[in-house]
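Peer 1: So that we are looking at the same thing, I have put the structure below in structure tokens.
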Amino acid sequence: MEKLDLPLAEWIVLALISERAGHGFAVAALTAEGGEIGEFWYISRPMVYRSITRLVERGLITPVGAEESNRGPQRMIYAATRPAKTAVSRWLDEPVAQLFDVRAELTCKLLLLRRRDGSPARLVERQRVVIDEIEESLRAKEHAGDHLARAIYAWRLEHVRAARRFLDAVDVDRGVDVDRGVDSTRPAVKTG
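In our numbering, the protein residues as written are 2 to 193.
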């Protein structure tokens, strides 16, 4: 299967359905305001159902049955195809390429990894490399241009530092112990 190019909402819906077969109502509950995913990245119920339709059209999920509902019509149950599950695993392992994607896409990947009881360590380490590359590129430009350009580069460098602090907070494998020479005073928390 070629590398998928999906909007973030479709990736999230596909990842949730690839965990186990389910219906749109259950996915929408997870992505609703206050839901496990929705608390950090909200996806409306109509968007969940549109995403399911698009994923079916692309052959990434398929109907596998129906569940009776005491509140309306039957709920169609969907399962991810094997290639779709592979694509989700690859996507969850890829760092985000753009600094502005740290807030949404990286956070969602970390939440989805946590649902799978997966360690964020590999993703965090790979993301650090990308953040370092972004910082290097910005540092090369930070003194160029007029005062406005310099202010914009300074602002973007602040985002780099914030992204690095976020990665430090997520990286649970780093705050080990002082006896092994690692600073254990730095917080080691998971998102959520």
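Don't be surprised by glycine CBs; every beta carbon is placed ideally from N, CA and C.
1) Classify Pro-121 as helix, strand or coil using the three-state DSSP reduction.
2) Between Arg-123 and Asp-94, which are expected to be in contact by the criterion C-beta below 8 Å, what is the C-beta distance as a whole number of angstroms?
3) Tell me the DSSP bridge mates of Glu-68?
4) If we ignore side chains and look at the alpha-carbon of each, how far apart do Glu-11 and His-24 end up?
5) Would the region 42 to 60 count as touching the region 12 to 22 if we require 3 or more Cβ pairs under 8 Å?
6) At which residues does the alpha helix (DSSP H) containing His-144 begin and terminate?
7) Restricting to Cα atoms, I'd like to know which of Gly-146, Leu-5, Pro-121 is closest to Asp-169.
8) Counting Cβ pairs, one atom from each stretch, are 3 or more of them under 8 Å apart for the region 93 to 112 and the region 62 to 79?
9) State the start and end residues of the unbroken alpha helix (DSSP H) segment that holds Phe-26.
10) What residues are listed by DSSP as bridge partners for Thr-63?
Peer 2: Let's see:
1) Within the sequence shown, the letter at position 120 stands for residue 121. Coil, per DSSP.
2) In the sequence shown, residue 123 corresponds to position 122, counting from 1. In the sequence shown, residue 94 corresponds to position 93, counting from 1. Right, their Cβ atoms sit about 7 Å apart.
3) As a position in the sequence shown, residue 68 is number 67, starting the count at 1. Its beta-bridge partners are Arg-76.
4) Numbered from 1 along the sequence shown, position 10 holds the residue referred to as residue 11. Numbered from 1 along the sequence shown, position 23 holds the residue referred to as residue 24. One C-alpha to the other measures close to 14 Å.
5) yes
6) Position 143 of the sequence shown, counted from the start, is the residue given in the question as residue 144. Run containing His-144: none; DSSP gives neither H nor E here.
7) Here the question's residue 169 lines up with position 168 in the sequence shown. Of the listed residues, the one whose Cα sits closest to Asp-169 is Pro-121.
8) no
9) In the sequence shown, the residue the question calls residue 26 occupies position 25. Phe-26 -> alpha helix (DSSP H) spans 25 to 32.
10) Mapped onto the sequence shown, residue 63 falls at position 62. Thr-63 pairs with Ala-80.
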